[in-house]
Amino acid sequence: MIAIVKRPEPSKFWTIATPIFAVILTMILGGLLFAAMGKDPVAAIRTIFWDPLFNEQFAAYSRPQLLVKAGPLILIAIGLSIGFKAGIWNIGAEGQYIMGAITGASVGLALYPLEAWWIFPAMVIAGALGGFLWAMIPAILKTRFNTNEILVSLMLVYVAEQILASAALGFLRNPEGNGFPGSRNLSQIPWLSNPELIPGTGAHWGVVAALGAVVAAYVLLNKHMLGFQIRLTGESPRAARFAGVKDKLLVMFCLGTAGALAGLAGLFEVTGPAGQISIDFGAGYGFTAIIVAFLGRLNPIGILLAGLLLALTFIGGELAQFMLGLPSAAIQVFQGMLLMILLAMDLVVNYRIILVNREAA
1 MIAIVKRPEP
11 SKFWTIATPI
21 FAVILTMILG
31 GLLFAAMGKD
41 PVAAIRTIFW
51 DPLFNEQFAA
61 YSRPQLLVKA
71 GPLILIAIGL
81 SIGFKAGIWN
91 IGAEGQYIMG
101 AITGASVGLA
111 LYPLEAWWIF
121 PAMVIAGALG
131 GFLWAMIPAI
141 LKTRFNTNEI
151 LVSLMLVYVA
161 EQILASAALG
171 FLRNPEGNGF
181 PGSRNLSQIP
191 WLSNPELIPG
201 TGAHWGVVAA
211 LGAVVAAYVL
221 LNKHMLGFQI
231 RLTGESPRAA
241 RFAGVKDKLL
251 VMFCLGTAGA
261 LAGLAGLFEV
271 TGPAGQISID
281 FGAGYGFTAI
291 IVAFLGRLNP
301 IGILLAGLLL
311 ALTFIGGELA
321 QFMLGLPSAA
331 IQVFQGMLLM
341 ILLAMDLVVN
351 YRIILVNREA
361 A
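Residues in the sequence shown are numbered from 1 upward in steps of one, following this note's numbering.
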């Protein structure tokens with residue numbers, strides 16, 4: 001019979017190996033899913049993971065898109081990972097992403113058609129502040145009334161979506177848009193746009209911010225006392241209190257940082273790839289970033305690689321929809337499958353699975 005024995009400490013080998021095995025197993029099970037839908041599983045997996053990078057017919061478009069898609073995922077996931085390490089579960093990054101886009105775009109559109117170099121930096125600050133303030137709602141409710149930050153942050157996503165619809169149909173709607181919903185196209189207004197820094201690469205200021213967040217998070221978590229307090233709180237809240245960690249301030253810091261980074265991601269998206277505030281602006285980046293954070297093992301370098309991988313599934317998934325006729329829901333199931341398998345395989349990180357003789361048991 002099989003027995004599960006808790007390890008004295010998490011396995012370092014399996015901590016690194018399980019994401020790799022999870023990706024491989026997802027490919028296998030995803031292939032079975034696609035086969036059940038009547039599609040060639042090998043062609044589907046190749047289209048998702050191989051063709052966007054190495055098929056010259058598609059690579060010229062797909063490669064630059066990799067950074068475009070990965071930038072917001074990495075930026076949001078870095079903020080989430082800091083809180084997750086401390087045991088603070090912010091599930092509402094999608095709402096903070098939306099509010100950052102709205103507040104940042106509002107500043108730029110309020111100043112239109114003024115032309116000045118400082119407008120875009122002001123929009124960046126406003127975007128970060130919008131996400132930060134939206135994240136402060138669950139933070140204050142948790143520290144003052146001990147509410148559950150998971151439920152509050154998640155419910156606020158739906159509030160943010162209603163505000164987004166109101167903005168696209170009302171106070172941010174383009175007055176010259178002939179009544180159609182949506183704001184002015186920010187990507188076509190030089191002082192309000194976030195263009196490619198290096199033509200043909202897809203790299204804009206959002207990508208630079210994401211890389212900067214990876215470096216800053218690595219330094220914070222590994223070289224700074226605050227990073228030690230975050231890790232200690234996540235591993236042993238009681239020991240953290242004895243060590244003098246101010247848990248309420250830590251909640252405010254973790255949720256505020258996650259909100260600010262999600263708000264930045266929203267601002268960079270609305271001034272770059274998306275181009276405008278629209279009803280369907282929320283693309284699910286805030287929820288997908290949760291997968292990125294856990295696939296990257298809450299490690300900044302791992303999140304960088306996981307963000308690129310998930311961005312590849314986005315691009316490859318769109319290509320598979322176009323080339324093979326796969327429905328978008330199947331791609332979403334495929335991405336969700338990756339997280340579920342990873343969480344299931346976490347069992348071997350903290351436990352050993354051994355065979356026990358029935359008579360001895």
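Each residue gets a CB set at the ideal place from its N, CA and C atoms; glycine is no exception.
Report buried or exposed for residue i, applying the criterion of at least 16 other Cβ atoms within 10 angstroms of its Cβ.
{"i": "V214", "result": "buried"}
{"i": "E56", "result": "exposed"}
{"i": "Y97", "result": "buried"}
{"i": "P300", "result": "buried"}
{"i": "A361", "result": "Reliability fails at A361, whose pLDDT of 49 lies under 50, so the model's placement of it is uncertain and the value that follows must be treated cautiously. Exposed, since its Cβ has fewer than 16 Cβ neighbours within 10 Å."}
{"i": "L250", "result": "buried"}
{"i": "N90", "result": "buried"}
{"i": "I16", "result": "exposed"}
{"i": "H204", "result": "buried"}
{"i": "I230", "result": "buried"}
{"i": "W434", "result": "Outside the shown range of the chain, which is 1 to 361, sits residue 434, and nothing can be said about it."}
{"i": "I20", "result": "exposed"}
{"i": "F334", "result": "buried"}
{"i": "L347", "result": "exposed"}
{"i": "K248", "result": "exposed"}
{"i": "Y285", "result": "buried"}
{"i": "G200", "result": "exposed"}
{"i": "K85", "result": "buried"}
{"i": "E94", "result": "buried"}
{"i": "V124", "result": "buried"}
{"i": "W118", "result": "exposed"}
Would you check if the distance between the CB atom of residue i and the CB atom of residue j is smaller than 8 Å?
{"i": "G266", "j": "G79", "result": "no"}
{"i": "T26", "j": "L338", "result": "yes"}
{"i": "L295", "j": "G100", "result": "no"}
{"i": "M37", "j": "T143", "result": "no"}
{"i": "L298", "j": "D51", "result": "no"}
{"i": "N194", "j": "G272", "result": "yes"}
{"i": "I88", "j": "L221", "result": "no"}
{"i": "A210", "j": "G71", "result": "yes"}
{"i": "L33", "j": "A243", "result": "no"}
{"i": "T18", "j": "M323", "result": "no"}
{"i": "F287", "j": "L192", "result": "no"}
{"i": "P10", "j": "N357", "result": "no"}
{"i": "L151", "j": "V292", "result": "no"}
{"i": "E269", "j": "G202", "result": "no"}
{"i": "L308", "j": "L141", "result": "no"}
{"i": "L109", "j": "S187", "result": "no"}
{"i": "A3", "j": "I279", "result": "no"}
First and last residue of the beta strand (DSSP E) that includes residue i?
{"i": "V5", "result": "I2 to K6"}
{"i": "R184", "result": "Premise fails: R184 is in no beta strand (DSSP E) and is neither H nor E."}
What residue does the alpha helix (DSSP H) around residue i start on, and which one ends it?
{"i": "Y97", "result": "A93 to L111"}
{"i": "L342", "result": "S328 to M345"}
{"i": "E196", "result": "Looking at the DSSP string, E196 is not in any alpha helix (DSSP H), and its letter there is neither H nor E."}
{"i": "D51", "result": "D51 to F54"}
{"i": "F132", "result": "I119 to F145"}
{"i": "G318", "result": "For clarity, residue 318 is Glu in the given sequence; the question names Gly instead. It spans P300 to L324 - the alpha helix (DSSP H) in which E318 sits, taken as one unbroken run."}
{"i": "R238", "result": "P237 to F242"}
{"i": "I150", "result": "E149 to S166"}
{"i": "D40", "result": "Careful: D40 lies outside any alpha helix (DSSP H) and carries neither H nor E."}
{"i": "N222", "result": "W205 to K223"}
{"i": "T257", "result": "D247 to V270"}
{"i": "A86", "result": "Looking at the DSSP string, A86 is not in any alpha helix (DSSP H), and its letter there is neither H nor E."}
{"i": "L295", "result": "Y285 to L295"}
Kindly give me the distance between the Cβ atoms of residue i and residue j, rounded to whole angstroms, as I take these residues to be in contact under 8 Å.
{"i": "Q276", "j": "N185", "result": "5 Å"}
{"i": "A216", "j": "A77", "result": "Rounded, the Cβ-Cβ distance is 14 Å, inconsistent with contact."}
{"i": "I341", "j": "A22", "result": "5 Å"}
What does DSSP give as the partner residue(s) for residue i in the beta ladder?
{"i": "L355", "result": "I2"}
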